[in-house]
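Have a look at the structure below before the remarks.
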Amino acid sequence: MNYQGTLVRLRQFEDVPGAGPQAETFRIYHRAEDGEIAERLVGMDGDGFEVIRNDTETVCIFPAQHSLVVEKRADGPKSPLAAGLPAYSEAMEGHYRFAVVADDRVAGRNSKVLQIVAADDYRYGYRIWLDVRTAMPLKSQLRSADGQQMLEEVMFADIVLQADVPMALITSAYDTADYFQLMPDEGQVVEVSAADVAWQASELPPGFVLSTIRNETMKGASEPRLHFVYTDGLASVSVFIDTPAPDQSEGAETMGATHAFTTMNASHMVTAVGQVPAETARLIALAMQYKP
């Protein structure tokens, strides 16, 4: 669909007791024409930034730093809300409970509230507000496993569905001709099979399975790092296995509802990170074993 609107993201930082949620505001322009999709997301707070996506690349523009990052993509752009929605499978039934629990209104539009409650403490719960007329997600909440606490929320404060979004609204407001450009090398990311790597998880939290493995060659690195993705169909955890940096240390880190755990194993740093409870990230990081 073609639309433009204002998005608000609220994040509750679990590691700061008593602190209220932090808010960020974005303007979004989404254009679909002849099967081609383009989108521009504009940060409205602080220094500001732009993210422009189309079917082939994502461009992140940082005017305060006079720089931009161009990244090739193959999966096409999705809305910031739709990107987090699961592809439903029966395997999810044992780990989540689904129910439509209410009628509501978001940004002046009627919606149905889908509640997804985690069956255990290894994953978070969700609530998703779906537009009655179009089924478009208008609001999404990441919630504690029992569903009682809101950890992160993304919602449309306003949205206008329209026949056409002019291409000018998908074009950057900045002249980036003299910006410093970072463009990852072609072939930097290569998907590999489990049989081709010497690392594997000995035991995973219930429901999590291996989704993909990639070799990623980072700028200036002497060798590629391994990137594993484990998912239960809704939540996902990335595991990075790399040579340790001089200032890198073991332990846990938290940013809002995102948890990371780093441990040293076989002279490599193993880091698991995802929007999952801290214990899930820790268990997956410790499960990685080197078996040459």
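Note that this note's numbering has the sequence shown beginning at 1390, numbered continuously upward.
We treat Cβ as the ideally placed atom computed from N, Cα and C, and that holds for glycine.
All figures in this text were calculated on a predicted structure; none of them were measured in a lab.
| Query | Result |
| --- | --- |
| Measuring CB atoms only, is the segment 1527-1544 touching the segment 1557-1576, in the sense that at least three cross pairs come out at less than 8 Å? | no |
| Identify the residues that DSSP records as bridge partners of His1616: which are they? | Arg1603 and Phe1629 |
| Tell me which same chain residues have a C-beta within less than 8 Å of the C-beta of Ile1505, skipping the five on either side of it? | Tyr1485, Arg1486, Phe1487, Gly1514, Tyr1515, Arg1516, Ile1517 and Leu1623 |
| Tell me the rounded alpha-carbon separation between Gly1596 and Thr1669. | 11 Å |
| Checking 9 Å against the spacing of the C-beta atoms, do Arg1512 and Ala1534 come in under that value? | yes |
| Please report the straight-line C-alpha distance between Trp1588 and Val1579, rounded to a whole angstrom. | 16 Å |
| Grab me the residues of Glu1382's own chain with a C-beta within less than 7 Å of its C-beta, minus the 5 sequence neighbours each way, in chain order. | This structure does not reach residue 1382, given that the chain is present from 1390 up to 1681, and the question cannot be answered. |
| Give the DSSP-derived three-state secondary structure of Ala1587 in the structure shown. | coil |
| With the cut-off set at 9 Å, would you say Val1431 and Ala1412 are in Cβ contact? | no |
| Can you tell me whether DSSP reads Leu1526 as helix, strand or coil? | The sequence shown places Pro at residue 1526, not Leu. Three-state DSSP puts Pro1526 in a strand. |
| Whose CA, out of Ala1566, Met1433, Arg1400 and Val1502, lies closest to the CA of Met1525? | Val1502 |
| Just the C-alpha distance for Thr1632 and Glu1605, rounded to the nearest angstrom, thanks. | 13 Å |
| In angstroms, rounded to a whole number, what distance separates the CA positions of His1616 and Ile1441? | 25 Å |
| Is Gly1483 helix, strand or coil when you go by DSSP? | helix |
| Looking only at DSSP bridge pairs, what is Val1554 linked to? | DSSP output for Val1554 lists no bridge partner at all. |
| Would Met1677 be called buried (16 or more neighbouring beta carbons within 10 Å of its own) or exposed? | buried |
| In whole angstroms, what is the alpha-carbon distance linking Arg1494 and Val1521? | 10 Å |
| How many whole angstroms separate the CB atoms of Glu1428 and Ile1417, which I take to be in contact at a CB cut-off of 8 Å? | 7 Å |
| In three-state terms, what does DSSP make of Thr1457? | Residue identity differs from the one stated: residue 1457 is Leu in this sequence, not Thr. Correct three-state label for Leu1457: strand. |
| For Thr1643, name the three-state secondary structure that DSSP assigns. | strand |
| What three-state label does DSSP hand Leu1593 in the structure shown? | coil |
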